[in-house]
Amino acid sequence: MQTLEVKKEITKSKQKTRKLSGSAALLEVFLAEKVETIFGYPGGAIMPIYDALYDYQQKMNHVLVRHEQGAIHAAQGYARVSGKTGIVFATSGPGATNLVTGLADAMIDSTPLVCITGQVYAHLLGTDAFQETDVINITTPVTKWNYQITDATEIPSVLAKAFYIAASGRPGPVLIDITKNAQIQEFEYEEYQPSEHIRSYRPKPIIRKKFVEEAARLINEAKKPFVIFGQGVILGAAETEFKNFIEKSGIPAAWTILGMSAIPTDHPLAVGMLGMHGNYGPNVLTNECDVLIAVGMRFDDRVTGRLDKYAKQAKVIHLDIDPAEIDKNVKSTVPVWGDCKETLPMLTQLIEKKTHEAWHQKFKDFQKQEDEKCIYPEMHPADDILSMGEVIDALNEFTKGDAILVTDVGQHQMVTCRYAKYNQSKSNITSGGLGTMGFALPAAIGAKFGAPKREVIAIAGDGGFQMTLQELGTIMQTELNVKIIILNNQFLGMVRQWQELFNDRRYSFVDIQSPDFVELAKAYRIDGQKVIYRADLKNALKEMLENDGAYLLEIMVGKENNVFPMVPQGCSVSEIRLS
Amino acid sequence: MLKQEFTITVYTENQIGLLNRIAIIFSRRKINIDSMNTSPSEIEGIHRFTIVINETEEVVKKLCRQIEKQVEVLKAYYNRNDEIVWQELALYKVSTDQIVEKVKVERLLRKYGARAVVIRKDYTVFETTGHREETDGLLEALEPYGVIEFVRSARVAIINASSGFHEKLKEFEQTEPGELVIENEFLDKQDEVFSM
């Protein structure tokens, strides 16, 4: 193994060095990288690092979780709301393997993480030692980069690379596995040099002006242009640049689930969400627009539906920082490689100011149909049983769009993303690409640490909540002010919906029983209440939000409610069903 | 689009685990690697992978982008067979007695451009290089006399164009999003910037 050690041309003679253990060096690097919070769980092979951490408790915060999966989802939540890199500690073996789901989630949703795992002594590698697993090879497909350190002197340079790789370009998770001997080994620690260049790594492609000009020409000629945008706008901190672009061009804009909140949900040019449970107009009109401008999104199959019937009539302009995304799923007419923070202003400068009123009217007409056939029945159920949409609508009244909503995966997630209002970017935190049930509770914990001044509300279903409910213990111990809403339909609702619609109502193992969630919360010294009746909903939400600390609200909702509109699998986006 | 043989050339750092990172890009998509070779390249400290697969150009192009996305990969590009010169090396172990008695060894060696690497009382090892058909041809010729062992190497390939890798890269760069590797200021100054 050869490592690249960045040797800056600094006058070495004057440099101060001091003797540090590998573990202390790691924490010194963290201080230099301005790490504030670590989510972790100790164990045998990472004990020297935890021992060193004992002396750094005043300088950084460590959150003891209840399961390593909780740690990594918390780090994801932290990263997604703060824009900083999330940090995770786990021990070797089972500690490290418990990170895999979170790594895969962070990989597919482009979340910057640096995960440190302990490893057995270097001389024990490959001997099937206690708690030894081949973490590097297990995590290779789900990390942007990973590396095993067996010598303490590598720690500063490898960690510098790790921080640089995790956060630059298209962000992603990095895992550094450190053998126990390297954690203990002492060496002369020089002043930390952050990494700014790796010769084989090009985080940002070169912007080619001719493509920007070509894109502008297409946009200026377009009669029915349509903008679809994803998380790239948020990751690139290009919210303002994006807003300027759509406001000048006057083009209607729809978001992917992860792009949501990049512009306020009530922005006049916002037409809603794309995809399987997105809004009616954006889906249907994808197959009617003449120029489709995709910004920082990757044409996931949940967005495109059937690819061979997706926007075939349109010229496609694709802005993305990751060259591998261009032409991956949808062939682009004009590829605009680059960071959209840089490419969008170039494009904005070249386009003409327009309003596209007739074209906007089409979106409004579809919205009207959706309002009548979908949204009205969701908000005004015929019976006394609450619907999920009603709950989110009532919540909007209290949050006024200022809260961070962290959702799990399933029907409640789709309903929340359909009906939630947001005023600020980085407010809609959810597991998009991987669809990880159990994400919400730990991610909300991390989100609260990442944005302590903002209201953070976890919204989960009765199924997903039970996958990581042990993190209630973390909330108890950290006395964290996180609100939790469980939308309980007593089913694994999304699977049940599919079984109803496509499997002839053969409800195969979706009938899930739950504990008394309020009593459970009480056992963790968390206040809460259960809501069954419509009349109690708003008071309960108010009580929850006014409560000083954490609060759990279990809300009983219709057992067999379905989420509509819906693009059935194998169908084109324009075949979206309203009921 | 038709599937055909493509040779992918990848320039990389020398890093443990990178072979795996590259290999799983293929296995994840259930694509078989026909042959793979790693070796040093014309640039000091930079390794070169030569990978042969049978796929459509569309797929190969996407694979190259996925490979290039890896942090330690400098550049990946692909070629059709008519754009490269390539060779494979093969070794054949046969019984010396059999050969001496029954084969006109000299003619055989001339015909297949082979040579004897080892001649012992009990066996002889022949070696030849060439395309698949050529190395297969000698195998066929020797088979009636009993081949004790046979092994063939992965393909190694060099592009036809006289300008070599850098020029070819420039051509690719016209349609590709990255900077030119040749213009990378750090590439030739390895000793000043990096210590291995």
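In order, the protein sequences belong to chains A and B.
For the first sequence, my numbering begins at 7 and goes up steadily by one.
For the second sequence, my numbering begins at 1088 and goes up steadily by one.
By construction, the Cβ of each residue, glycine as well, lies at the ideal position given by its N, Cα and C atoms.
Give the range of the alpha helix (DSSP H) segment to which residue i is assigned.
{"i": "lysine 347 of chain A", "result": "346-356"}
{"i": "glutamine 430 of chain A", "result": "Segment: none, glutamine 430 of chain A is in no alpha helix (DSSP H) and carries neither H nor E."}
{"i": "glutamine 505 of chain A", "result": "499-508"}
{"i": "phenylalanine 570 of chain A", "result": "Note, phenylalanine 570 of chain A: premise wrong, no alpha helix (DSSP H); not H, not E."}
{"i": "arginine 1239 of chain B", "result": "That residue, arginine 1239 of chain B, is in no alpha helix (DSSP H); its beta strand (DSSP E) goes 1234-1239."}
{"i": "arginine 540 of chain A", "result": "540-552"}
{"i": "arginine 308 of chain A", "result": "307-310"}
{"i": "lysine 368 of chain A", "result": "363-376"}
{"i": "proline 288 of chain A", "result": "286-292"}
Below 8 Å on the Cβ atoms is my guess for residue i versus residue j; work out the distance and round it to an integer in Å.
{"i": "leucine 165 of chain A", "j": "valine 41 of chain A", "result": "Going by Cβ atoms, the distance from leucine 165 of chain A to valine 41 of chain A rounds to 10 Å, so no, they are not a contact pair."}
{"i": "alanine 1203 of chain B", "j": "threonine 1215 of chain B", "result": "Not really, about 11 Å apart at Cβ, beyond 8 Å."}
{"i": "glycine 425 of chain A", "j": "glycine 469 of chain A", "result": "The sequence given here has tyrosine at residue 425 of chain A, not glycine. Not quite, the Cβ-Cβ distance comes to about 20 Å (not below 8 Å), so this is no contact."}
{"i": "glycine 265 of chain A", "j": "isoleucine 240 of chain A", "result": "7 Å"}
{"i": "isoleucine 1284 of chain B", "j": "lysine 1198 of chain B", "result": "Shown here, chain B extends from 1088 to 1283; a query on residue 1284 of chain B therefore has no answer."}
{"i": "asparagine 289 of chain A", "j": "isoleucine 582 of chain A", "result": "5 Å"}
{"i": "phenylalanine 404 of chain A", "j": "leucine 551 of chain A", "result": "6 Å"}
{"i": "leucine 584 of chain A", "j": "glutamate 376 of chain A", "result": "7 Å"}
{"i": "asparagine 152 of chain A", "j": "leucine 181 of chain A", "result": "4 Å"}
First and last residue of the beta strand (DSSP E) that includes residue i?
{"i": "alanine 259 of chain A", "result": "259-261"}
{"i": "asparagine 1166 of chain B", "result": "1160-1167"}
{"i": "isoleucine 410 of chain A", "result": "410-413"}
{"i": "isoleucine 122 of chain A", "result": "119-125"}
{"i": "alanine 453 of chain A", "result": "Not the beta strand (DSSP E): alanine 453 of chain A falls in the alpha helix (DSSP H), residues 446-456."}
{"i": "glycine 534 of chain A", "result": "533-537"}
{"i": "alanine 58 of chain A", "result": "No beta strand (DSSP E) holds alanine 58 of chain A; the alpha helix (DSSP H) holding it covers 53-59."}
{"i": "glutamate 192 of chain A", "result": "192-195"}
{"i": "glutamate 278 of chain A", "result": "The question names glutamate, but residue 278 of chain A in the sequence shown is glycine. That run of the beta strand (DSSP E) goes 276-279."}
{"i": "leucine 26 of chain A", "result": "24-27"}
Going by DSSP, what residues sit across from residue i in a beta bridge?
{"i": "phenylalanine 235 of chain A", "result": "A:Trp261 and A:Val301"}
{"i": "glutamate 1142 of chain B", "result": "B:Gln1091"}
{"i": "histidine 1134 of chain B", "result": "B:Thr1099 and B:Pro1127"}
{"i": "tyrosine 153 of chain A", "result": "A:Ile182"}
{"i": "lysine 321 of chain A", "result": "A:Val297"}
{"i": "leucine 1176 of chain B", "result": "B:Thr1216"}
{"i": "isoleucine 465 of chain A", "result": "A:Thr413 and A:Ile491"}
{"i": "asparagine 250 of chain A", "result": "Note: asparagine 250 of chain A sits in no beta bridge, so no partner."}
{"i": "phenylalanine 45 of chain A", "result": "A:Val69 and A:Val94"}
{"i": "leucine 558 of chain A", "result": "A:Ile490 and A:Gly534"}
{"i": "tyrosine 207 of chain A", "result": "A:Ile204"}
{"i": "aspartate 389 of chain A", "result": "Paired residues: none, contrary to the question."}
{"i": "serine 1122 of chain B", "result": "B:Val1139"}
Here's the rule I'm using: 16 or more other beta-carbon atoms within 10 Å means buried, otherwise exposed. How should residue i be labelled?
{"i": "glutamine 472 of chain A", "result": "buried"}
{"i": "lysine 374 of chain A", "result": "exposed"}
{"i": "glutamine 63 of chain A", "result": "exposed"}
{"i": "isoleucine 589 of chain A", "result": "Lying before the first or after the last residue shown, residue 589 of chain A is absent from chain A, which here runs from 7 to 585."}
{"i": "glutamine 1102 of chain B", "result": "buried"}
{"i": "glutamate 1272 of chain B", "result": "Annotation note: pLDDT 42 at glutamate 1272 of chain B (below 50); position unreliable, no value reported."}
{"i": "serine 1282 of chain B", "result": "Per-residue confidence for serine 1282 of chain B stands at a pLDDT of 30, beneath the threshold of 50, marking its modelled position as unreliable; the derived number appears in the next sentence. Exposed: under 16 other Cβ atoms inside 10 Å."}
{"i": "cysteine 380 of chain A", "result": "buried"}
{"i": "serine 1126 of chain B", "result": "exposed"}
{"i": "phenylalanine 515 of chain A", "result": "exposed"}
{"i": "proline 274 of chain A", "result": "exposed"}
{"i": "proline 521 of chain A", "result": "exposed"}
{"i": "asparagine 67 of chain A", "result": "exposed"}
{"i": "threonine 1096 of chain B", "result": "buried"}
{"i": "histidine 386 of chain A", "result": "exposed"}
{"i": "glutamine 1091 of chain B", "result": "exposed"}
{"i": "glutamine 519 of chain A", "result": "exposed"}
{"i": "histidine 283 of chain A", "result": "buried"}
{"i": "proline 458 of chain A", "result": "exposed"}
{"i": "phenylalanine 136 of chain A", "result": "exposed"}
{"i": "histidine 324 of chain A", "result": "buried"}
{"i": "lysine 186 of chain A", "result": "buried"}
For the stretch 1114-1126 of chain B, which residues have a beta carbon sitting closer than 8 Å to at least one beta carbon of chain A? The stretch 1114-1126 of chain B vs chain A, Cβ under 8 Å: Arg1115.
Select from the stretch 1096-1108 of chain B all residues with a C-beta closer than 8 Å to any C-beta belonging to chain A, and list them in chain order. The residues in question are Thr1099, Glu1100, Asn1101, Gln1102, Ile1103, Gly1104, Asn1107 and Arg1108.
For the stretch 1190-1209 of chain B, which residues have a beta carbon sitting closer than 9 Å to at least one beta carbon of chain A? Cβ contacts with chain A: none found.
Going along the chain, which residues of the stretch 319-349 of chain A sit with their C-beta nearer than 9 Å to a C-beta in chain B? Using a CB distance below 9 Å, the part of the stretch 319-349 of chain A facing chain B consists of Asp328, Pro329, Ala330, Glu331, Ile332, Asp333, Lys334, Pro341, Trp343 and Gly344, ordered along the chain.
Taking a Cβ distance cut-off of 7 Å, strictly less, list which residues of the stretch 1140-1153 of chain B are near chain A, in chain order. So the list reads Lys1149, Arg1152 and Gln1153, given in the order they occur along the chain.
Members of the stretch 139-160 of chain A near chain B, C-beta cut-off 9 Å: The stretch 139-160 of chain A vs chain B, Cβ under 9 Å: Ile142, Asn143, Thr146, Pro147, Lys150, Trp151, Asn152, Tyr153 and Gln154.
Return the residues of the stretch 1150-1180 of chain B that lie within a Cβ-Cβ distance of less than 7 Å from chain A, sorted by chain order. Residues Arg1152, Gln1153, Lys1156, Val1158, Glu1159, Val1160 and Leu1161.
Residues in the stretch 199-231 of chain A having any Cβ partner in chain B nearer than 8 Å: So the close ones are His203, Ile204, Arg205, Ser206, Tyr207, Arg208, Pro211, Ile212 and Arg214.
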